[in-house]
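In terms of my numbering, the sequence shown is residues 180 to 450. C-beta atoms are modelled at their ideal positions from N, C-alpha and C, and glycine is treated no differently. Shown next, in structure tokens, is the structure this report addresses.
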Amino acid sequence: MSQPEERKNRLLKSLSDFGYGVLEGVLSPQECAGLCKHLDSIEAERRASKDIFTDEQRVMLWNIHQSHPEIFLDKINVPEVMSVVKTVLKEEVTLGSFIGIRNQDRHVKLNAHIDARVPTPAFEHTIQMVAMFCMTDFTVKNGSTLLWPLSHRSGLNPKEIYAPGTPLPGHVQVEAKAGDVLFFLGQTWHDVGPNLSGEKRWGLLSYYARWWVKPSFDYTACGPELFKRLSSEQKVLLGFNSRPPKSASYRLNTVMPIGNVPEDYDAALGS
């Protein structure tokens with residue numbers, strides 16, 4: 180067995196056993212440092228235009244693969260990440276959302292939650308998952324992600340059974356290096372860790388799902404310029420081959436081979 184296969188198999192076992200796992204050294208620290216500078220710049224731009232989501236816990240730069248494709252588009256389908264995602268989700272995979280995210284020093288209660296629409300208790304029935312690229316080192320001090328091991332097997336959504344702020348024992352904070360990717364299943368309980376270090380802790384959060392789960396955004400509305408940039412795999416991720424047919428005169432199946440999607444943007448939307 181090759182080293183990449185061993186790495187992948189160890190990660191898959193961790194995801195199955197505990198609901199999360201880390202793949203080390205996917206990006207270089209040098210690339211991550213450069214991407215952090217871009218994220219700082221985009222945050223400043225969006226603050227100036229008042230087009231930013233921020234609260235006590237997080238600063239979130241939504242859809243930077245669309246607004247800055249020359250920098251971030253290739254991060255939605257990094258091969259080593261996609262190999263894991265496709266193995267776990269099995270079916271055609273789409274992108275639910277893509278976010279540049281950093282946490283803040285917060286003074287609010289913990290808010291354990293899941294990202295999946297349905298808290299499926301069986302690993303093989305996972306329908307959604309997250310890949311978080313660590314742009315900086317993730318440490319306990321700067322608020323590495325809180326995760327509840329084995330919670331992916333519970334079949335429960337903590338927000339439906341516990342009042343907000345209820346202390347839930349048993350969580351861990353997973354530390355990782357810049358360039359590592361933290362994976363966790365959509366049904367794994369987790370929360371944003373408070374940043375007590377005073378330093379910026381950037382991540383790139385990719386949210387993947389089986390094709391039939393509704394994404395957070397209609398990425399097929401990306402426009403002709405971005406469409407021209409997309410590889411076949413990226414078109415699949417943005418949902419171009421899994422749009423419901425407009426009528427039976429077009430086609431009958433929701434999912435079609437990506438090769439059947441026209442190269443022209445308007446024609447692709449009408450296919």
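Please tell me whether residue i has its Cβ less than 9 Å away from any Cβ of chain B.
i       : result
Leu-191 : Of the chains in the structure shown, none is chain B; there is only one protein chain.
Give the straight-line distance between the Cα atoms of residue i and residue j, rounded to the nearest whole angstrom.
i       : j       : result
Ile-340 : Pro-423 : 35 Å
Phe-396 : Gly-418 : 10 Å
Gln-182 : Arg-226 : 44 Å
Ala-447 : Ile-437 : 10 Å
Met-239 : Pro-300 : 29 Å
Asp-219 : His-350 : 30 Å
Gln-209 : Asn-290 : 33 Å
Ile-293 : Phe-197 : 15 Å
Lys-166 : Gly-334 : No information on residue 166 is available, as it lies outside the stretch 180 to 450 that the chain covers here.
Pro-394 : Met-308 : 12 Å
Ala-310 : Phe-363 : 7 Å
Glu-222 : Ile-231 : 8 Å
Leu-157 : Asn-336 : What is shown of the chain runs 180 to 450, which leaves residue 157 out entirely.
Glu-184 : Asn-432 : 34 Å
Ala-400 : Leu-274 : 14 Å
Asp-445 : Pro-403 : 8 Å
Asn-282 : Ala-295 : 21 Å
Lys-265 : Met-435 : 17 Å
Leu-405 : Gly-344 : 42 Å
His-217 : His-247 : 9 Å
Ala-212 : Phe-251 : 14 Å
Cys-215 : Lys-356 : 14 Å
Lys-192 : Val-205 : 18 Å
Ser-323 : Val-353 : 6 Å
Thr-233 : Arg-430 : 42 Å
Ser-410 : Glu-224 : 28 Å
Gly-304 : Leu-361 : According to the sequence as given, residue 304 is His; it is not Gly. Whole-angstrom Cα-Cα distance: 20 Å.
Val-257 : Gln-245 : 16 Å
Leu-190 : Asp-316 : 19 Å
Considering only C-alpha positions, which residue in the set the options is nearest to residue i?
i       : options                            : result
Phe-277 : Leu-417, Ser-385, Lys-265          : Ser-385
Leu-202 : Met-261, Ala-342, Thr-433          : Met-261
Ser-207 : Tyr-429, Leu-383, Asp-359          : Asp-359
Phe-312 : Leu-409, Glu-259, Ser-421, Ser-193 : Glu-259
Leu-326 : Lys-320, Thr-273, Gly-200          : Gly-200
Asn-188 : Leu-214, Val-267, Gln-245          : Val-267
Glu-412 : Phe-317, Val-440, Pro-403          : Val-440
Val-297 : Val-264, Ile-250, Lys-338, Glu-270 : Lys-338
Asn-420 : Ser-228, Ala-212, Ser-426, Ser-450 : Ser-450
Glu-270 : Leu-409, Arg-389, Lys-425          : Arg-389
Pro-373 : Leu-190, Gln-236, Ser-228          : Gln-236
Glu-378 : Ser-228, Asp-284, Asn-242, Gln-245 : Asp-284
Can you round the beta-carbon distance between residue i and residue j to whole angstroms, since I take them to be within the 8 Å contact cut?
i       : j       : result
Val-392 : Ile-280 : Between Ile-280 and Val-392 the Cβ distance is about 21 Å, and since that is not below 8 Å, they are no contact.
Phe-302 : Ser-195 : 4 Å
Leu-375 : Lys-320 : 6 Å
Helix, strand or coil for residue i per DSSP?
i       : result
Asp-294 : coil
Ile-340 : helix
Gly-449 : helix
Leu-364 : strand
Phe-302 : helix
Val-309 : strand
Ser-276 : strand
Ala-357 : coil
Gln-413 : helix
Val-392 : coil
Phe-419 : coil
Ser-323 : coil
Ser-193 : helix
Gly-334 : coil
Tyr-429 : coil
Leu-383 : strand
Leu-405 : helix
Asp-443 : coil
Gln-283 : coil
Thr-345 : coil
Gln-209 : helix
Met-435 : coil
Leu-268 : helix
Met-261 : helix
Thr-399 : helix
His-350 : coil
**Report entry** Any 3 or more C-beta pairs closer than 8 Å across the stretch 363-382 and the stretch 323-331
**Finding:** Flag = yes, the stretch 363-382 and the stretch 323-331 touch.
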